[in-house]
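Since the structure comes first, as structure tokens, the remarks are kept for the end.
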Amino acid sequence: MIERVRGKLLEKSSGRVVVEVGGLGLSLLTPLTTFAALPQTGEEVTLMTRLIIKEESWALFGFQSPLERETFDILTSVSRIGPKLALTVISAMEPDELAQALMTQDLPKIAAIKGIGQKTAERLIVELKDKAQKLAGLMGQQPGLPATSKREEIVQALINLGYTRLEAEKGLRAASTALGPEAELGQMVREALKSLSSR
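Have a look at this one:
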């Protein structure tokens, strides 16, 4: 099983990247959260991976963290939730938000994700009731990002300054890496702006 890849980022587009590893160009499908955190093309990147093998095709999926990959595994364990729909869910909702929505049975929030709808949301809530606790537990072990409320404040501040949500998320992750998740709000915003303006 391919657990991760590390190499030069050759191409990136929304939902797909190509990474050069040992002279080979590997194509990986990614959620938007991972896309937002990617470096510039030509730079080195490391992605956690999951290989899905079907009779008609092989597909390699890439994630910025083990937590995102674990979320992907949990989602695809649900009947009729394929890997591409799982990517859609991860793109729309951070793992901690998803865990909270599942534990509180927030049907409208989950059903609002594009491609999900009410029936699929109900199935997710029923089948992932126990696994949501596991996901929430994993969040407690995941370093690198501030709490949800603080994270959203930073993202909103950047959006108010004219950045898109994807750009704001990318800036947030860069700031978290540089300063740590416990840094003050103002420091985080300034560091995120510094990162975004240098790209």
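With the working numbering, the residue at position 116 of the sequence shown is 394, and numbering never jumps. Every residue gets a Cβ at the ideal spot worked out from N, C-alpha and C, and that includes glycine.
Classify residue i: buried if its beta carbon has 16 or more other beta carbons within 10 angstroms, exposed otherwise.
i           : result
residue 347 : buried
residue 466 : buried
residue 329 : exposed
residue 397 : exposed
residue 331 : exposed
residue 316 : buried
residue 333 : exposed
residue 299 : exposed
residue 373 : buried
residue 321 : exposed
residue 302 : exposed
residue 421 : With a pLDDT of 44 at residue 421, under the threshold of 50, the modelled position of that residue is not reliable, and the figure given next carries that caveat. It is exposed - the Cβ of residue 421 has fewer than 16 other Cβ atoms within 10 Å.
residue 447 : buried
residue 463 : exposed
residue 409 : buried
Could you say which of the options lies nearest to residue i if we only look at CA atoms?
i           : options            : result
residue 375 : 292, 430, 397      : 430
residue 457 : 285, 377, 385, 470 : 470
residue 319 : 289, 337, 344      : 289
residue 352 : 428, 380, 284, 335 : 380
residue 281 : 302, 340, 463      : 340
residue 411 : 344, 377, 358, 279 : 377
residue 455 : 327, 292, 336, 343 : 343
residue 363 : 406, 445, 392, 297 : 392
residue 390 : 409, 408, 366      : 366
residue 405 : 371, 428, 387, 358 : 358
residue 460 : 475, 428, 447, 476 : 428
Could you give the residue range of the beta strand (DSSP E) that holds residue i?
i           : result
residue 368 : Here residue 368 belongs to no beta strand (DSSP E); instead the alpha helix (DSSP H) covers 361–370.
residue 337 : 336–341
residue 305 : 302–307
residue 319 : Careful: residue 319 lies outside any beta strand (DSSP E) and carries neither H nor E.
Taking the continuous alpha helix (DSSP H) assigned at residue i, which residues delimit it?
i           : result
residue 466 : 463–475
residue 298 : Residue 298 -> not in any alpha helix (DSSP H); beta strand (DSSP E) instead, spanning 294–299.
residue 283 : First-last for residue 283: 282–291, but that is the beta strand (DSSP E), not the alpha helix (DSSP H).
residue 395 : 395–405
residue 447 : 443–457
residue 385 : 385–389
residue 233 : There is no way to answer for residue 233, as the model of the chain reaches only from 279 to 477.
residue 460 : Taken as a continuous stretch (DSSP letters only), residue 460 belongs to no alpha helix (DSSP H), as it is neither H nor E.
Spatial neighbours of residue i within its chain, please: C-beta separation below 8 Å, excluding the five flanking residues on both sides.
i           : result
residue 443 : 433, 437
residue 360 : 354
residue 327 : 280, 281, 282, 283, 306, 338, 339, 340, 341, 347
residue 285 : 297, 298, 299, 300, 304, 322, 323
Is the shortest distance between the beta-carbon of residue i and the beta-carbons of chain B less than 9 Å?
i           : result
residue 453 : Within the model displayed, chain B is absent; a lone protein chain is all it includes.
With a CB to CB cut of under 7 Å and the five nearest residues on each side skipped, what residues in its chain are close to residue i?
i           : result
residue 368 : 309, 311, 346, 349, 350
residue 473 : 449, 452, 453
residue 383 : 403
residue 295 : 287, 289, 306, 308, 316, 340
residue 292 : 310, 313
If you measure from the CB of residue i, is any heavy atom of the ligand ZN nearer than 8 Å?
i           : result
residue 369 : This structure simply doesn't include the ligand ZN, nor any ligand for that matter.
Leaving out the 5 sequence neighbours to the left and right, which residues in its chain are closer than 6 Å to residue i when beta-carbon positions are compared?
i           : result
residue 387 : 379
- [ ] Could you tell me whether the region 397–416 touches the region 437–445, where touching means 3 or more Cβ pairs closer than 8 Å?
- [x] no
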